[in-house]
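Numbering (the working numbering), first residue to last: 1039 to 1544. Glycine included, C-beta positions come from ideal geometry on N, C-alpha and C. Just so it is clear, the structure is predicted and the values come from calculations on it, not from any experiment. Here is the structure we will look at.
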């Protein structure tokens, strides 16, 4: 069968993994890629530029030309409406195909997703085995009831899935990068994941939902990971194939196992030896983890802090670390000499301006902090922070319905449901956070203590200023990852303007 995976904005590692599985079964697999410039749900969100460079129509036309048997979509809340619209527009011209929906959004609200006219099948949870069994059933006319985790419709009746499958073995296929070669320069930036799960269940994160959703099927740790040797084998092979220069391991954390981390940090520099980027949690950085990463060749650590208000972290975000442990983690990264970014969320319930000022003063003197990455609070379906907001009346049933339908703005668009004045004030702190890597500590403290920083509240085009600062900081602090994103954007804009854009993989 001919299978097409529509993807928007950025490489999707889940799609690359599914491409491997589908090709191994003998199916034809392609990716239809919408760059969604300035509306990619990950890096930039500027409406008028997004409309100017919109090429979704061309992506749809390419899909129709291919006449697929299956459209398979890996969906999160931010791209859910984009996905529904794309499928409906394809169906206007080409009707002989089925749609398979997976990813965190369909998994979180499968009963809502399966009702949509654009949806034929929903895979709830891990999709490796269900996808292969579903394709076999489609090809051979067998019943769908035998496919685990599968929701489907027959003659207008909905058949709920039986969530019985979890890929516990860590047997995650090596992703097929060929399907993204037309869109992503692999040699400059290689994306991979080495595990599923996390060491915590933060209230705002999709892992919060999955922790409980998988509980009955899970025998061991919430983290399921590839062996170190499997990871090294993948990276060595891809290094040889693509002449890689940089690797991004996009797990929530590199690992929850000290043994795994120790083995990886010993083998990686000997067998791969490329600069790499990882995500960490402050509790992991209390001893020698930072120095181990440095010796292994780690180029950039992305650390989730989210808030410097201890009560908000514990009661709202369900985080275990103390503020003292967060500060220790910052000190360990500075001592090790690793460039790092700190993730923070704006718009959290219970967080006050003094908390943001404290955060600025705490982060400002860090020599190796090259970015404060700001995310605006976004409520996801069926996670604890959304339930808290409903219980406390911060959002109502109408807002919950919009969340479940993927209709709220994304975290880049200051999409939190809050009053305009508070949002304007928080944008001021967004600007200040962005300035941390380039403003001397004493100057930052003076601005905060004297109130001079409040001039940013009255500056027009605050978002444009944030983007301009971001570009300057990225180059000034030699942030490889951010520079790569910007370089990629410029190339895509040029291709867009000169008609060189490719919309479907080879």
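CA nearest to the CA of residue i, picked from the options
i            : options                : result
residue 1041 : 1404, 1111, 1107       : 1107
residue 1328 : 1306, 1366, 1353       : 1366
residue 1116 : 1095, 1142, 1129       : 1142
residue 1199 : 1395, 1148, 1171, 1217 : 1148
residue 1189 : 1112, 1164, 1418, 1160 : 1160
residue 1058 : 1440, 1211, 1411       : 1211
residue 1514 : 1533, 1473, 1323, 1544 : 1473
residue 1295 : 1233, 1421, 1218, 1271 : 1233
residue 1260 : 1458, 1279, 1293       : 1293
residue 1406 : 1056, 1516, 1542, 1216 : 1516
residue 1111 : 1438, 1054, 1167, 1239 : 1054
residue 1381 : 1225, 1084, 1537, 1290 : 1290
residue 1356 : 1402, 1422, 1331, 1283 : 1422
residue 1338 : 1532, 1158, 1286       : 1286
residue 1056 : 1144, 1157, 1439, 1164 : 1164
residue 1067 : 1109, 1336, 1243       : 1109
residue 1363 : 1323, 1390, 1138, 1383 : 1323
residue 1222 : 1077, 1282, 1483, 1132 : 1282
residue 1399 : 1186, 1318, 1262, 1368 : 1368
residue 1409 : 1518, 1499, 1128       : 1518
residue 1098 : 1061, 1119, 1123       : 1123
residue 1079 : 1096, 1531, 1121       : 1121
residue 1224 : 1206, 1307, 1204, 1278 : 1278
residue 1498 : 1462, 1203, 1153       : 1462
residue 1235 : 1226, 1227, 1219, 1256 : 1256
residue 1284 : 1227, 1301, 1248       : 1227
residue 1544 : 1052, 1101, 1076       : 1101
residue 1386 : 1361, 1403, 1413       : 1413
residue 1052 : 1113, 1077, 1248, 1494 : 1113
residue 1085 : 1415, 1501, 1491, 1542 : 1501
Residue i classed as buried or exposed, judged by whether at least 16 other C-beta atoms fall within 10 angstroms
i            : result
residue 1192 : exposed
residue 1184 : exposed
residue 1470 : buried
residue 1214 : buried
residue 1496 : exposed
residue 1370 : buried
residue 1050 : buried
residue 1452 : Any reading at residue 1452 must be qualified, since the residue scores a pLDDT of 43, below 50, and its modelled position is unreliable; no value is offered.
residue 1481 : exposed
residue 1046 : buried
residue 1506 : exposed
residue 1298 : buried
residue 1201 : buried
residue 1391 : exposed
residue 1535 : exposed
residue 1538 : exposed
residue 1133 : exposed
residue 1036 : There is simply no residue 1036 to check, as the chain begins at 1039 and stops at 1544 in what is shown.
residue 1450 : Note that residue 1450 scores 44 on pLDDT, short of 50, meaning its location in the model is unreliable; the coordinates nonetheless yield the value given after this. So residue 1450 counts as buried.
residue 1530 : buried
residue 1484 : exposed
residue 1238 : buried
residue 1139 : buried
Contact belief for residue i with residue j at Cβ below 8 Å, rounded distance in angstroms
i            : j            : result
residue 1393 : residue 1442 : Not really, about 30 Å apart at Cβ, beyond 8 Å.
residue 1105 : residue 1072 : Between residue 1072 and residue 1105 the Cβ distance is about 19 Å, and since that is not below 8 Å, they are no contact.
residue 1063 : residue 1170 : 6 Å
residue 1217 : residue 1069 : 4 Å
residue 1511 : residue 1475 : 5 Å
residue 1303 : residue 1334 : 4 Å
residue 1229 : residue 1288 : 6 Å
residue 1162 : residue 1145 : 5 Å
residue 1464 : residue 1384 : 5 Å
residue 1417 : residue 1433 : 7 Å
residue 1336 : residue 1316 : 6 Å
residue 1425 : residue 1388 : Actually they do not touch by this definition, with Cβ atoms about 16 Å apart.
residue 1060 : residue 1173 : 7 Å
Chain B contact for residue i (CB, 9 Å cutoff)
i            : result
residue 1472 : Any reference to chain B falls outside this structure, which holds one protein chain only.
Handout entry: Cβ contact (3+ pairs, closer than 8 Å) linking the segment 1334-1342 and the segment 1521-1530
Key = no
Practice task
Could you name each continuous alpha helix (DSSP H) segment of 4 residues or more that falls completely within the segment 1335-1405, going from the start of the chain to the end?
Solution key: 1361-1374, 1391-1401
Problem - Entirely enclosed beta strand (DSSP E) segments - the segment 1126-1211, minimum 3 residues - result: 1136-1140, 1159-1161, 1188-1192, 1195-1197
Problem - Continuous alpha helix (DSSP H) assignments of at least 4 residues falling wholly in the segment 1423-1483 - result: 1435-1442, 1458-1473
Exercise for the section: Could you name each continuous beta strand (DSSP E) segment of 3 residues or more that falls completely within the segment 1229-1309, going from the start of the chain to the end? Expected result: 1285-1287
Exercise for the section: Decide if the segment 1461-1469 is in contact with the segment 1365-1379; the criterion is three or more beta carbon pairs, one per stretch, under 8 Å apart. Expected result: no
Practice task
Kindly confirm or deny that the segment 1265-1277 and the segment 1167-1181 touch, where touching means at least three C-beta pairs closer than 8 Å.
Solution key: no
Problem - Every unbroken alpha helix (DSSP H) within the segment 1054-1134, with a cutoff of 4 residues, ordered by chain - result: 1085-1090, 1094-1104, 1115-1129
Exercise for the section: Evaluate contact between the segment 1241-1260 and the segment 1419-1434, counting only Cβ atoms and requiring at least three cross-stretch pairs below 8 Å. Expected result: yes
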